[in-house]
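Using UniProt numbering, read the sequence shown as starting at 1 and increasing by one per residue.
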Amino acid sequence: MTHSQRFVSDIQYYSTAVYPCSYMEGRLARSQVAAPSEAIDAAKYDVLIQAGFRRSGSFVYRPQCDNCKACLSIRLPVSDFKPNRSQKRAWAKHQTLTCTVMKPTFLPDHYALYKRYQKSRHPGGGMDIDDEAQYTDFLVRSNVRSWMVEFRETVPGQSATELKMVSIIDQLKDGLSAVYTFYSPEPGQNYGTFNVLWQIQQARSLGLNYLYLGYWIEGCQKMNYKSCFKPYELMQNGLWLPAHPEIS
Numbered sequence: 001m002t003h004s005q006r007f008v009s010d011i012q013y014y015s016t017a018v019y020p021c022s023y024m025e026g027r028l029a030r031s032q033v034a035a036p037s038e039a040i041d042a043a044k045y046d047v048l049i050q051a052g053f054r055r056s057g058s059f060v061y062r063p064q065c066d067n068c069k070a071c072l073s074i075r076l077p078v079s080d081f082k083p084n085r086s087q088k089r090a091w092a093k094h095q096t097l098t099c100t101v102m103k104p105t106f107l108p109d110h111y112a113l114y115k116r117y118q119k120s121r122h123p124g125g126g127m128d129i130d131d132e133a134q135y136t137d138f139l140v141r142s143n144v145r146s147w148m149v150e151f152r153e154t155v156p157g158q159s160a161t162e163l164k165m166v167s168i169i170d171q172l173k174d175g176l177s178a179v180y181t182f183y184s185p186e187p188g189q190n191y192g193t194f195n196v197l198w199q200i201q202q203a204r205s206l207g208l209n210y211l212y213l214g215y216w217i218e219g220c221q222k223m224n225y226k227s228c229f230k231p232y233e234l235m236q237n238g239l240w241l242p243a244h245p246e247i248s
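(1) By the three-class DSSP mapping on this structure, what secondary structure does Gln202 have?
(2) How many Å lie between Lys164 and Pro187 at the Cα?
(3) Are Val78 and Asn209 touching if we call contact CB-CB under 8 Å?
(4) Look at the alpha carbon of Arg121 and the alpha carbon of Pro185, and state the distance between them as a whole number of angstroms.
(5) In the DSSP output, what is Val155 paired with across the bridge?
(6) For Val155, I'd like the list of residues in its chain whose CB is within less than 6 Å of its CB, leaving aside the five on either flank, ordered along the chain.
(7) Would you be able to state if there are at least three C-beta pairs under 8 Å between the segment 192-204 and the segment 54-68?
(8) Report buried or exposed for Ser146, applying the criterion of at least 16 other Cβ atoms within 10 angstroms of its Cβ.
(9) Going by beta-carbon coordinates alone, are Ile49 and Tyr212 separated by less than 8 Å?
(10) Of the residues Tyr117, Phe151, Arg27, Asn237, which one's Cα is nearest the Cα of Val166?
(11) What residue does the beta strand (DSSP E) around Leu48 start on, and which one ends it?
The structure is reproduced here in structure tokens:
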């Protein structure tokens, strides 16, 4: 047993009760949770993410569904990434955005944008009625190395700026992990694509190897965007394997 395996085994784990799957209609999901959450610091999280775990606030989990292994961890080797034409257009389109990196904190305009995003993109999903405490638990609370990045755009003819997007990112030993992003639900914009491209560039500038994008399910419309960034790797049977070896 390696030191990393011993490190992970020192943490306690429990399984949740089943709950409706957010991604595959009609299926039930179950998660394995690492505990106690307050004991999982940045060093332990570095190990856990290599075992397929993710973070939501101080809650660290991975899928442990009965008779289903559709969720696969996905990451991008940032030095190998080459944008396609639509990604290049999205990058050029949003060069007017300015970003500010800060520690995760509650700001009223962030919360207001989050509510707008949820009501537009995920109505009736439960998160569209999150109060301030639930928002804080989900996106502000963290026991690891986390950033909050806000993207603003100058209002034409004014000196004021308008908040367009907020992203929560964890810094790992070997990469960045995209926790969550929400943005202004305006038609015809490509904020989500621009955000992933920005994170790829940021990982490169920090000398990191990967951008972790959470979980991916083949054929799942909500997750299709992740596999548009190529090449990418998927965790299969505990190993990171190139999904497209012919272009990796």
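Built from N, CA and C at the ideal position, the CB exists for glycine as well.
None of these values were measured; they are calculated from a predicted model.
Taking the structure as given:
(1) Translated into the one-based positions of the sequence shown, residue 202 becomes position 202. Correct three-state label for Gln202: helix.
(2) Within the sequence shown, numbered from 1, the residue matching residue 164 stands at position 164. Within the sequence shown, numbered from 1, the residue matching residue 187 stands at position 187. When rounded, the distance between both Cα atoms is 13 Å.
(3) For the purposes of this step, residue 78 is identified with residue 78 of the sequence shown, where counting begins at 1. For the purposes of this step, residue 209 is identified with residue 209 of the sequence shown, where counting begins at 1. Yes, the pair counts as a contact, with Cβ atoms nearer than the cut-off.
(4) In the sequence shown, the residue the question calls residue 121 occupies position 121. In the sequence shown, the residue the question calls residue 185 occupies position 185. Rounded to whole angstroms, Arg121 to Pro185 spans 7 Å at the Cα level.
(5) Taking the sequence shown and counting its residues from 1, one reaches residue 155 at position 155. The partner list for Val155 (beta bridge, DSSP) is empty, contrary to what the question assumes.
(6) Counting from 1 along the sequence shown, the entry for residue 155 is found at position 155. For Val155, same chain residues with a beta-carbon under 6 Å away, outside a window of 5 residues either side, are Glu162 in chain order.
(7) By the criterion of at least three beta-carbon pairs nearer than 8 Å, the segment 54-68 is not in contact with the segment 192-204.
(8) Translated into positions along the sequence shown, residue 146 becomes position 146. It is buried - the Cβ of Ser146 has at least 16 other Cβ atoms within 10 Å.
(9) To locate residue 49, count along the sequence shown from 1; it is residue 49. To locate residue 212, count along the sequence shown from 1; it is residue 212. It is a contact, given that the beta carbons lie within the stated cut-off.
(10) Against the sequence shown, residue 166 aligns to sequence position 166. Out of Tyr117, Phe151, Arg27, Asn237, Phe151 has the C-alpha closest to the C-alpha of Val166.
(11) Residue numbering aside, residue 48 sits at position 48 when the sequence shown is read from its first letter. Segment 42-49 is the alpha helix (DSSP H) holding Leu48; no beta strand (DSSP E) there.
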